[in-house]
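Below is one structure, written out as structure tokens; comments come after it.
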Amino acid sequence: MVKFLLLALAFGLAHAHDQMEGEWVTIAIAADNVDKIELERPLRLYVRKLTCNEECSELAVTFYVNSNGQCSKTEVIGYKQADGSYRTQ
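In terms of the working numbering, the sequence shown opens at residue 1 and continues consecutively.
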């Protein structure tokens with residue numbers, strides 16, 4: 001589910017990659033089901049970096065998830081499809 005949400009974010013921002021690429025700091029998280037994004041919950045994450053190649057055919061999203069008191073770094077790479085959406089392997 002987290003990968004899907006990140007790719008949805010990435011797809012929405014892909015056309016403005018010069019403005020979005022680089023280091024990020026999460027300052028707010030919103031959801032219609034707040035329980036899912038509270039501390040130690042499954043969809044709580046902290047986006048840190050978005051990187052896109054020149055044509056944005058590959059979009060890398062680096063984020064951290066805090067689970068069971070452990071913070072783990074995750075990188076997801078989305079590959080642009082013919083319809084403009086991104087998919088992971």
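Every residue gets a Cβ at the ideal spot worked out from N, C-alpha and C, and that includes glycine.
If you draw a 10 Å sphere on the C-beta of Y86, you find 16 or more other C-beta atoms in it, and that means buried. Annotation for S72: the continuous beta strand (DSSP E) segment containing it runs 70 to 80. When G78, F63, I29 are compared, the shortest CA-CA separation from C71 is found for F63. For K36, same chain residues with a beta-carbon under 7 Å away, outside a window of 5 residues either side, are P42, L43 in chain order. Going by DSSP, T26 is part of no beta strand (DSSP E) at all; its letter is neither H nor E.
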